[in-house]
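Heads up: the structure comes next, in structure tokens.
In the working numbering, the protein residues as written are 134 to 222.
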């Protein structure tokens with residue numbers, strides 16, 4: 134090295150600045166690629182979260198209605214069996 138210590142430090146600082154700018158650009162590019170991939174994945178999957186939530190509510194209500202019907206039938210059968218008792222013996 135035939136340069137002065139001052140020139141050496143300036144060279145190192147310059148290299149760090151260039152590396153910093155390059156790494157920032159690479160980070161931004163990778164972020165754009167990631168967002169693009171996520172966007173394409175979401176468009177392919179075609180899942181609408183609002184629609185899925187509406188379906189969940191609909192199925193939950195159907196389940197509740199079915200459970201009420203089964204409970205009602207259980208009560209009817211229970212009353213029928215208990216009230217008939219020993220008829221027919």
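Glycine included, each C-beta is placed from N, C-alpha and C at the ideal position. Please read all numbers here as calculations on a predicted model, not as lab measurements.
In the three-state DSSP reduction, residue 180 falls in the coil class, being neither helix nor strand.
In the three-state reduction of the DSSP assignment, residue 135 falls in the coil class, being assigned neither a helical nor a strand state. One alpha carbon belongs to residue 185, the other to residue 199, and they sit about 21 Å apart.
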